[in-house]
Every structure is written in C-alpha cells, then in structure tokens.
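Numbering follows the numbering used here, in which position 87 of the sequence shown is assigned residue number 285; successive positions increment by one, without gaps.
Note that CB positions come from ideal geometry on N, CA and C, so glycine has one too.
On a predicted model such as this, the values are computed, not experimentally measured, just so you know.
These notes concern the structure reproduced below.
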Amino acid sequence: MSSGEAREGGKRPVHRDTTASLDGAKVELFATAAARLGVAIARGEPLARHTTFRIGGPADLWATVNDQDQLRGLADLAAESSIPTAIVGGGSNVLVSDAGVRGLLIANRTRDSDMQMGERGTAGRLVAESGVALAGLARWTIREGWAGLEWAVSVPGTVGGAVIGNAGAHGGCIADNLAWASVAYPGHAPRRLARAELGFTYRSSVLKQQPCAALASPDRLAGRITEAVSPGPVVLAAAFELQPGESTELAGRAERYLARRRETQPTEPSAGSIFRNPAGDYAGRLIEAVGLKGHRCGGAQVSPRHANFIVNTGAASAADVLALMTLIQRRVFEQSGITLTPEIVLLGDWSGQE
Numbered sequence: 199m200s201s202g203e204a205r206e207g208g209k210r211p212v213h214r215d216t217t218a219s220l221d222g223a224k225v226e227l228f229a230t231a232a233a234r235l236g237v238a239i240a241r242g243e244p245l246a247r248h249t250t251f252r253i254g255g256p257a258d259l260w261a262t263v264n265d266q267d268q269l270r271g272l273a274d275l276a277a278e279s280s281i282p283t284a285i286v287g288g289g290s291n292v293l294v295s296d297a298g299v300r301g302l303l304i305a306n307r308t309r310d311s312d313m314q315m316g317e318r319g320t321a322g323r324l325v326a327e328s329g330v331a332l333a334g335l336a337r338w339t340i341r342e343g344w345a346g347l348e349w350a351v352s353v354p355g356t357v358g359g360a361v362i363g364n365a366g367a368h369g370g371c372i373a374d375n376l377a378w379a380s381v382a383y384p385g386h387a388p389r390r391l392a393r394a395e396l397g398f399t400y401r402s403s404v405l406k407q408q409p410c411a412a413l414a415s416p417d418r419l420a421g422r423i424t425e426a427v428s429p430g431p432v433v434l435a436a437a438f439e440l441q442p443g444e445s446t447e448l449a450g451r452a453e454r455y456l457a458r459r460r461e462t463q464p465t466e467p468s469a470g471s472i473f474r475n476p477a478g479d480y481a482g483r484l485i486e487a488v489g490l491k492g493h494r495c496g497g498a499q500v501s502p503r504h505a506n507f508i509v510n511t512g513a514a515s516a517a518d519v520l521a522l523m524t525l526i527q528r529r530v531f532e533q534s535g536i537t538l539t540p541e542i543v544l545l546g547d548w549s550g551q552e
C-alpha cells in the first residue's frame, strides 16, 4: 500500500444482512431461552453507537446483561447453541469491522461493587463486577479515601476488560492491586484466580491468550483479529487490595493525571492507544519519527496531539483505520526494524479486508 492509497482511505464499508447465515430455528430457541433469563435478543444492532471509536457495522445478535447470572447464563446458552459469541464492556480498546460481528455480541452491564473493610487503618478489599466502569470505580475509591486505583481515573473501559488486558496508566496497572478475579468457562462453575494465576505481563494476562471476550490469535497486523467464536473464560468480578489514604491527597494526584491526559491525548473519538509500547521505547515516538503524526486515511487520522492514537474525524470507516495501522507498521518497521503490536482488539468479520 502506498501512502497515497492510505490518504484515499481503505475499502468503503458494505453493510449487508447477515442474520440469514444463522439457523433461524436455532436463533428462535436461543432467544426464547434468553428471555427466561430476562435477556432480550436484538437483531442487526449497529455497533458504532456502542464503541468509543464510533465505528462498526451491525451485530447479528445483540444482548445486554445486567447481573452475573445473566452473563453466565447467556454465555452458557450461546455455547450450547453453537452461536459464535463475544463480549464487550465500555466499547473502548476495540475496532469493529465495517461488516460487523457474526453471531452474538453481549454488552456487559454488571455494575455492582462492595467494599470489604478490615480493621481501622488496615487494607480494605474492593470487589467489583466486570461491567463496572474502571474510571468511575477509581473516583469512588478516591472520595472514600482508599489508595491504589488513582492511576485509573483517566482510563476508559470496564473492570473485566481491564483485568484481561492488565490496563494501566501513569505508572500503575491492574496487577498492582488485584487480589483475585472470578472467571467462568461456559458450562462450568466460576473459579477464583489469584493474581499469580493470571500471569500478568505488560498489557496482557493469561486470559488474553485465550479465546475470551473479544480476544483472538496473533495472526494479522502482528496482533489480533477475532471472529466471535466462543466467549471462552468470562470475567465476572475482580477484587482489589487497597490501602487507607487521604482523600484530598488522592484527589490532587488524580487531578494531575487528568490534566496530563487533557494536555497530551485527543478528545476526538478513538479506541485509546493503538499500539503497545515496544521494550525500551514508545510507539508514539516511533510513529512521529517516520513522519506520520497527523497523517490521514479517509476519515481516520493519526492524532496531531499524540501519535499513538488514531482518531475518527467524523466519517471514518474501520477500513480507514486498518489501512492507517498497516501503513504505520510498515513505515516503522522499515525505519527501525521494530514491528508494532496492536493494543486494540480488531473484532468482527474482516473477510473483505486485505
């Protein structure tokens, strides 16, 4: 691909009715069983409205779950029905293809949390369901005087996705405070996995290596493109060990983090950081060094404010973003020999993309 082709944009989206590819009788039985769980199944739900990128075609089937029983039950039903399934939380850190997602996409809205306090002056344990917004959880801990999650006050997404990807910012990450995560495999009882069992590394965990909740194998873009196949291990909840702190001091620290984000990161729709930082360097610096800061591909642009963000300037397609990511990887590799690995998940049907 030439840079000229990149400026023109990727292949334009072709939206088509794909629900016919699913067995109609099977879907009806699945929807009836889901209704018994209190879950409604929608067809052809546009996904752009559900992602922070504001990009993405329709999901064949769409469902919103509000508690752990619904989340587990629906994942089990989908597996029993052989309906391809993936799970999303807040819609950040994901690029949905223009063709959309084949099968079922579950929107996780499980949002309960509970603070289990120890004796006065000792550590407390905060248990949060996987659909809780991470930034909102961080703000609550600050108000209540619990230290440990201030770094997350500027991080989009939900607890479940943060655990899977070991989310982090400002020198902190999920692995720093996680005590355990409750994880369920379809058809099996939940298990509590301790921090050591989750195999945390930079922006990753053992859960990210498995076909779990919008995860995939490393075969495209030196990263991950996934067709929804099975929800695999589903994160239900997580527990964090927190220390007593002074609310005023914690709030001041959080405000400094937020101010830095406002100064250095774009406000336009994006998925967050596009590439992982390679060892000993920064993806943004490498992208800027090859002259691609501000570069456009159709409606997608490398942010002029931070080169490791691609923003939707108003009418970007997933094809535009994919073309720009491919160009970035090629240019950076040609100049530095470094292959940038995507941090975002590419979800859906990419069969028409080259």
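Using the Cβ count rule (16 or more neighbours within 10 Å means buried), how would you classify residue i?
i	result
glutamate 447	exposed
glutamine 441	exposed
glutamate 553	Residue numbering for the chain in the displayed model covers 199 to 552; residue 553 lies beyond these limits and cannot be assessed.
serine 290	buried
glycine 489	exposed
glutamine 533	exposed
lysine 224	exposed
glutamate 226	exposed
glutamine 553	The displayed coordinates of the chain run from 199 to 552. Any statement about residue 553 would go beyond what the structure contains.
leucine 456	exposed
glutamine 314	exposed
aspartate 310	exposed
arginine 270	buried
alanine 232	buried
glutamate 461	exposed
glycine 359	buried
Would you grab the beta carbon distance between residue i and residue j for me? Rounded to a whole angstrom, and I think it's under 8 angstroms.
i	j	result
serine 380	arginine 459	That pair is no contact at about 30 angstroms.
valine 361	alanine 436	5 angstroms
isoleucine 472	valine 530	Actually they are not in contact, since the Cβ atoms of isoleucine 472 and valine 530 sit about 12 angstroms apart, beyond 8 angstroms.
valine 286	glutamate 327	Actually they are not in contact, since the Cβ atoms of valine 286 and glutamate 327 sit about 15 angstroms apart, beyond 8 angstroms.
alanine 382	leucine 434	6 angstroms
alanine 261	valine 237	5 angstroms
glycine 369	tryptophan 344	With 8 angstroms as the limit, glycine 369 and tryptophan 344 do not qualify as a contact, their Cβ atoms being about 18 angstroms apart.
Can you tell me whether DSSP reads residue i as helix, strand or coil?
i	result
leucine 245	coil
isoleucine 285	strand
aspartate 547	coil
isoleucine 472	coil
serine 445	helix
valine 351	helix
phenylalanine 141	This structure cannot speak to residue 141, because the chain is shown only from 199 to 552.
isoleucine 304	strand
valine 225	helix
alanine 240	strand
aspartate 258	strand
glycine 359	helix
serine 402	strand
glycine 450	helix
arginine 503	coil
leucine 525	helix
isoleucine 508	strand
glycine 496	coil
arginine 390	strand
Could you work out which residue in the options is closest to residue i when comparing CA atoms only?
i	options	result
glycine 546	Ala238, Gly298, Gly482	Gly298
isoleucine 526	Ala350, Ser501, Cys371	Ser501
alanine 333	Ala305, Met313, Gly366	Gly366
aspartate 374	Arg389, Glu439, Met315	Glu439
alanine 449	Glu342, Ile239, Phe398, His368	Glu342
alanine 477	Ala517, Gly512, Arg401, Leu269	Arg401
leucine 220	Ala487, Tyr383, Gly301, Pro354	Gly301
alanine 229	Arg454, Thr399, Leu259	Leu259
leucine 275	Leu538, Leu391, Gly385, Thr320	Gly385
threonine 249	Gly288, Asn475, Arg241	Gly288
alanine 513	Arg474, Ala350, Gly254, Gly482	Gly254
glutamine 463	Leu235, Lys491, Ile340	Lys491
cysteine 495	Arg503, Asn475, Ala517	Ala517
serine 515	Lys406, Asp296, Ser279	Asp296
alanine 452	Asn475, Gly346, Arg503, Leu391	Gly346
glycine 329	Glu541, Arg390, Val263	Val263
Which residues in the same chain as residue i place their Cβ atom closer than 8 angstroms to its Cβ, once the five residues preceding and following it in sequence are excluded?
i	result
isoleucine 508	Ser468, Ala469, Ile472, Ala498, Gln499, Val500, Ser501, Val519, Leu522, Met523
methionine 199	With a pLDDT of only 36 at methionine 199, under 50, the local geometry of the prediction cannot be trusted, and no value is derived from it.
tyrosine 480	Asn506
alanine 591	The question about residue 591 has no answer, for the chain in this structure spans 199 to 552.
glutamate 395	Val404
threonine 320	Pro442
Among residues of its own chain, excluding the 5 on either side of residue i, which ones have a beta-carbon nearer than 6 angstroms to its beta-carbon?
i	result
serine 201	In this prediction, serine 201 scores a pLDDT of 38, lower than 50, which makes its location untrustworthy; the coordinate-derived value is nonetheless stated afterwards. Same-chain partners within the cutoff: there are none.
histidine 493	Val500
arginine 252	Ala246, Pro467, Asn510
arginine 393	Leu376
cysteine 371	Asn364
alanine 487	none
Could you name the residues of the same chain whose beta carbon sits closer than 7 angstroms to that of residue i, not counting the 5 residues immediately before and after it, in chain order?
i	result
glycine 355	Gly287, Gly288, Ser290, Asn291, Leu332, Ala365
aspartate 265	Thr308
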